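This report concerns only the one structure given below.
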Amino acid sequence: MLPVEVQKLIVSYYQAGKRIPEIHSIVKSLCTYYTVRNVVQHWIRTGGYRTGAKPPKKQSKERKDALNRAIRNLTKAAQQNSIRGQARKQGIDRSAIPREMKKRGIKVYRKVIRPFITEAQKVARKRCAQRFRKRYRKSDIPNFVFVDECYVLVGEYLNSQQERCYGKSFELIPDSKKHKRLQKSPLKAMIFGGVWRDGRTRSPIRVQE
1 MLPVEVQKLI VSYYQAGKRI PEIHSIVKSL CTYYTVRNVV QHWIRTGGYR
51 TGAKPPKKQS KERKDALNRA IRNLTKAAQQ NSIRGQARKQ GIDRSAIPRE
101 MKKRGIKVYR KVIRPFITEA QKVARKRCAQ RFRKRYRKSD IPNFVFVDEC
151 YVLVGEYLNS QQERCYGKSF ELIPDSKKHK RLQKSPLKAM IFGGVWRDGR
201 TRSPIRVQE
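Position 28 (the sequence shown) corresponds to 28 in our numbering; numbering is contiguous.
Below you can see the structure in the form of C-alpha coordinates.
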(Lines of atoms letter the chains of each structure in order from A and count residues from 1; the text may use other names and numbers.)
(Lines give C-alpha, C1' and ligand atoms only; values in the text may rest on other atoms or scores of the structure.)
Protein backbone atom coordinates (compact mmCIF):
# COMPACT_ATOMS: atom_id res chain seq x y z
CA MET A 1 0.00 0.00 0.00
CA LEU A 2 1.33 3.43 -1.03
CA PRO A 3 2.14 5.66 1.98
CA VAL A 4 -0.44 8.35 2.71
CA GLU A 5 2.21 11.08 2.37
CA VAL A 6 2.87 10.05 -1.23
CA GLN A 7 -0.85 9.93 -1.95
CA LYS A 8 -1.24 13.45 -0.57
CA LEU A 9 1.62 14.59 -2.81
CA ILE A 10 -0.08 13.09 -5.88
CA VAL A 11 -3.39 14.72 -5.00
CA SER A 12 -1.70 18.09 -4.44
CA TYR A 13 -0.24 17.93 -7.96
CA TYR A 14 -3.68 17.00 -9.32
CA GLN A 15 -5.28 19.95 -7.50
CA ALA A 16 -2.60 22.21 -8.95
CA GLY A 17 -3.91 21.36 -12.43
CA LYS A 18 -1.43 18.72 -13.53
CA ARG A 19 -2.63 15.71 -15.49
CA ILE A 20 -2.01 12.10 -14.46
CA PRO A 21 0.83 11.47 -17.01
CA GLU A 22 2.60 14.60 -15.77
CA ILE A 23 2.17 13.53 -12.12
CA HIS A 24 3.55 10.09 -12.94
CA SER A 25 6.62 11.58 -14.59
CA ILE A 26 7.33 13.37 -11.28
CA VAL A 27 6.73 10.44 -8.90
CA LYS A 28 7.60 7.53 -11.20
CA SER A 29 10.38 6.48 -8.84
CA LEU A 30 7.78 5.94 -6.12
CA CYS A 31 4.90 4.24 -7.92
CA THR A 32 3.50 3.17 -11.29
CA TYR A 33 1.20 5.05 -13.63
CA TYR A 34 -1.79 2.87 -12.62
CA THR A 35 -1.17 3.57 -8.95
CA VAL A 36 -1.21 7.32 -9.61
CA ARG A 37 -4.46 6.96 -11.53
CA ASN A 38 -6.06 4.84 -8.80
CA VAL A 39 -5.04 7.32 -6.08
CA VAL A 40 -6.56 10.23 -7.99
CA GLN A 41 -9.75 8.33 -8.80
CA HIS A 42 -10.16 7.20 -5.19
CA TRP A 43 -9.70 10.77 -3.97
CA ILE A 44 -12.26 12.08 -6.49
CA ARG A 45 -14.72 9.36 -5.46
CA THR A 46 -14.34 9.44 -1.65
CA GLY A 47 -12.34 12.55 -0.81
CA GLY A 48 -9.87 10.42 1.20
CA TYR A 49 -6.81 8.24 0.87
CA ARG A 50 -6.31 4.48 0.80
CA THR A 51 -5.08 3.10 4.13
CA GLY A 52 -5.42 -0.63 3.46
CA ALA A 53 -7.81 -1.21 6.36
CA LYS A 54 -11.32 -2.14 5.36
CA PRO A 55 -14.06 -0.16 7.08
CA PRO A 56 -15.98 -2.21 9.65
CA LYS A 57 -19.19 -3.68 8.41
CA LYS A 58 -22.26 -2.06 9.83
CA GLN A 59 -24.67 -4.46 11.43
CA SER A 60 -28.23 -4.24 10.28
CA LYS A 61 -30.88 -3.36 12.85
CA GLU A 62 -32.52 -6.77 12.40
CA ARG A 63 -29.25 -8.58 13.16
CA LYS A 64 -28.61 -6.44 16.25
CA ASP A 65 -32.11 -7.14 17.52
CA ALA A 66 -31.64 -10.87 16.90
CA LEU A 67 -28.36 -10.87 18.85
CA ASN A 68 -29.95 -8.94 21.72
CA ARG A 69 -32.86 -11.38 21.88
CA ALA A 70 -30.52 -14.38 21.82
CA ILE A 71 -28.34 -13.07 24.65
CA ARG A 72 -31.37 -12.00 26.67
CA ASN A 73 -32.85 -15.49 26.35
CA LEU A 74 -29.56 -17.08 27.39
CA THR A 75 -29.01 -14.92 30.47
CA LYS A 76 -32.44 -13.81 31.74
CA ALA A 77 -35.21 -15.99 30.34
CA ALA A 78 -36.73 -18.56 32.70
CA GLN A 79 -36.66 -21.20 29.98
CA GLN A 80 -33.36 -23.05 29.54
CA ASN A 81 -31.67 -22.19 26.23
CA SER A 82 -28.47 -23.02 24.37
CA ILE A 83 -26.33 -21.02 21.96
CA ARG A 84 -27.05 -23.42 19.11
CA GLY A 85 -30.77 -23.34 19.74
CA GLN A 86 -30.88 -19.56 19.92
CA ALA A 87 -28.81 -19.17 16.74
CA ARG A 88 -31.25 -21.44 14.93
CA LYS A 89 -34.29 -19.72 16.41
CA GLN A 90 -33.09 -16.17 15.69
CA GLY A 91 -31.71 -17.05 12.24
CA ILE A 92 -28.15 -15.83 12.84
CA ASP A 93 -24.71 -17.42 12.62
CA ARG A 94 -23.82 -19.55 15.64
CA SER A 95 -20.37 -17.98 16.02
CA ALA A 96 -21.86 -14.47 16.23
CA ILE A 97 -23.40 -15.09 19.66
CA PRO A 98 -20.13 -16.04 21.48
CA ARG A 99 -18.38 -13.04 19.88
CA GLU A 100 -21.07 -10.67 21.12
CA MET A 101 -21.05 -12.29 24.57
CA LYS A 102 -17.28 -11.79 24.78
CA LYS A 103 -17.69 -8.10 23.95
CA ARG A 104 -20.23 -7.74 26.76
CA GLY A 105 -18.14 -9.67 29.29
CA ILE A 106 -20.60 -12.57 29.54
CA LYS A 107 -18.98 -15.93 30.31
CA VAL A 108 -20.09 -19.54 29.96
CA TYR A 109 -20.25 -21.74 33.05
CA ARG A 110 -21.10 -25.38 33.64
CA LYS A 111 -24.19 -26.02 35.69
CA VAL A 112 -23.80 -27.67 39.07
CA ILE A 113 -25.97 -30.18 40.88
CA ARG A 114 -28.19 -28.53 43.45
CA PRO A 115 -26.95 -29.46 46.97
CA PHE A 116 -29.40 -31.94 48.50
CA ILE A 117 -28.36 -31.58 52.11
CA THR A 118 -30.21 -28.84 53.98
CA GLU A 119 -29.16 -26.79 57.00
CA ALA A 120 -31.23 -29.03 59.26
CA GLN A 121 -29.45 -32.08 57.84
CA LYS A 122 -26.09 -30.46 58.50
CA VAL A 123 -27.03 -29.95 62.16
CA ALA A 124 -28.17 -33.58 62.40
CA ARG A 125 -24.92 -34.72 60.78
CA LYS A 126 -22.90 -32.79 63.35
CA ARG A 127 -24.86 -34.33 66.23
CA CYS A 128 -24.39 -37.78 64.72
CA ALA A 129 -20.64 -37.23 64.53
CA GLN A 130 -20.59 -36.12 68.17
CA ARG A 131 -22.50 -39.23 69.24
CA PHE A 132 -20.17 -41.35 67.15
CA ARG A 133 -17.15 -40.07 69.04
CA LYS A 134 -18.75 -41.02 72.35
CA ARG A 135 -20.02 -44.41 71.20
CA TYR A 136 -16.99 -45.98 69.53
CA ARG A 137 -13.48 -46.51 70.82
CA LYS A 138 -10.56 -44.84 69.09
CA SER A 139 -9.08 -48.28 68.25
CA ASP A 140 -12.22 -49.15 66.23
CA ILE A 141 -12.09 -46.05 64.02
CA PRO A 142 -9.41 -47.38 61.59
CA ASN A 143 -11.77 -50.29 60.78
CA PHE A 144 -14.59 -47.93 59.88
CA VAL A 145 -15.06 -46.57 56.35
CA PHE A 146 -16.77 -43.19 56.37
CA VAL A 147 -19.28 -42.27 53.70
CA ASP A 148 -20.58 -38.72 53.64
CA GLU A 149 -23.08 -37.40 51.10
CA CYS A 150 -22.29 -40.16 48.63
CA TYR A 151 -24.84 -40.52 45.84
CA VAL A 152 -25.47 -43.92 44.28
CA LEU A 153 -27.11 -44.15 40.87
CA VAL A 154 -30.26 -46.24 41.07
CA GLY A 155 -31.59 -45.95 37.55
CA GLU A 156 -30.86 -44.16 34.30
CA TYR A 157 -29.82 -40.60 35.02
CA LEU A 158 -31.92 -38.25 32.92
CA ASN A 159 -30.65 -34.73 33.25
CA SER A 160 -31.47 -31.52 31.43
CA GLN A 161 -29.93 -31.26 27.98
CA GLN A 162 -28.83 -27.72 28.73
CA GLU A 163 -25.56 -28.07 30.66
CA ARG A 164 -24.45 -24.43 30.42
CA CYS A 165 -25.43 -21.18 32.06
CA TYR A 166 -24.41 -17.67 31.07
CA GLY A 167 -23.55 -14.53 33.03
CA LYS A 168 -20.83 -12.08 34.00
CA SER A 169 -20.26 -13.94 37.28
CA PHE A 170 -21.34 -17.39 38.45
CA GLU A 171 -22.46 -15.97 41.80
CA LEU A 172 -24.82 -13.52 40.07
CA ILE A 173 -26.58 -16.22 38.05
CA PRO A 174 -29.93 -17.22 39.61
CA ASP A 175 -30.08 -20.66 41.22
CA SER A 176 -32.85 -21.66 38.82
CA LYS A 177 -30.43 -21.29 35.90
CA LYS A 178 -27.14 -22.54 37.33
CA HIS A 179 -28.44 -25.76 38.90
CA LYS A 180 -29.00 -28.89 36.87
CA ARG A 181 -32.58 -30.03 36.57
CA LEU A 182 -32.96 -33.51 38.00
CA GLN A 183 -35.96 -35.71 37.40
CA LYS A 184 -38.48 -35.79 40.23
CA SER A 185 -38.49 -39.59 40.21
CA PRO A 186 -36.10 -41.13 42.80
CA LEU A 187 -33.17 -42.05 40.59
CA LYS A 188 -30.54 -41.27 43.22
CA ALA A 189 -29.97 -42.44 46.77
CA MET A 190 -27.80 -40.61 49.31
CA ILE A 191 -25.82 -42.73 51.75
CA PHE A 192 -24.97 -41.00 55.00
CA GLY A 193 -23.09 -42.83 57.70
CA GLY A 194 -20.47 -45.53 57.30
CA VAL A 195 -19.69 -49.21 56.78
CA TRP A 196 -17.58 -51.56 58.89
CA ARG A 197 -14.84 -53.41 57.06
CA ASP A 198 -16.08 -56.80 58.32
CA GLY A 199 -19.39 -56.40 56.50
CA ARG A 200 -21.57 -54.91 59.20
CA THR A 201 -23.39 -51.81 58.02
CA ARG A 202 -24.80 -48.85 59.87
CA SER A 203 -25.61 -46.79 56.77
CA PRO A 204 -29.17 -45.53 56.43
CA ILE A 205 -30.09 -44.97 52.77
CA ARG A 206 -32.23 -41.96 52.07
CA VAL A 207 -33.82 -41.75 48.63
CA GLN A 208 -33.91 -38.27 47.14
CA GLU A 209 -37.24 -37.35 45.57
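The beta-carbon is built from N, C-alpha and C at its ideal position, and this holds for glycine as well. This structure is a prediction, so every number in the text was calculated from the model and none was measured.
Whether residue i touches residue j by CB criterion (8 Å)
{"i": "Q7", "j": "V27", "result": "no"}
{"i": "L2", "j": "T35", "result": "yes"}
{"i": "H179", "j": "K76", "result": "no"}
{"i": "R164", "j": "Y109", "result": "yes"}
Close-in-space but distant-in-sequence residues of the same chain around residue i (CB under 7 Å, 5 per side omitted)
{"i": "E100", "result": "L67 and I71"}
{"i": "Q15", "result": "none"}
{"i": "L30", "result": "V6"}
Residues near residue i in its chain [Cβ-Cβ closer than 6 Å; skip 5 each side]
{"i": "I260", "result": "This structure gives no information on residue 260, because the portion of the chain shown stretches from 1 to 209."}
{"i": "K184", "result": "Note on K184: pLDDT 46, under 50, position unreliable in the model; no value is reported."}
{"i": "Y13", "result": "I23"}
{"i": "Y33", "result": "H24"}
Nearest residue (CA-CA) to residue i, options the options
{"i": "G91", "options": "A78, K64 and G17", "result": "K64"}
{"i": "A87", "options": "R164, N73 and E5", "result": "N73"}
{"i": "R104", "options": "P174, G17 and G167", "result": "G167"}
{"i": "R37", "options": "I10, R133 and R69", "result": "I10"}
{"i": "K177", "options": "N81, I44, G17 and R19", "result": "N81"}
{"i": "I173", "options": "E119, Q121 and I106", "result": "I106"}
DSSP bridge partner residues for residue i (one or two, in chain order)
{"i": "H179", "result": "V112"}
{"i": "Y34", "result": "According to DSSP, Y34 bridges with nothing at all."}
{"i": "R164", "result": "R110"}
Neighbourhood of residue i by C-beta distance below 8 Å, restricted to the same chain and skipping five residues each side
{"i": "R114", "result": "D175, H179, K180 and L182"}
{"i": "G48", "result": "H42"}
- Message: If we require 3 or more residues per run, which beta strand (DSSP E) segments fall completely within the region 51-138?
- Response: 107-110
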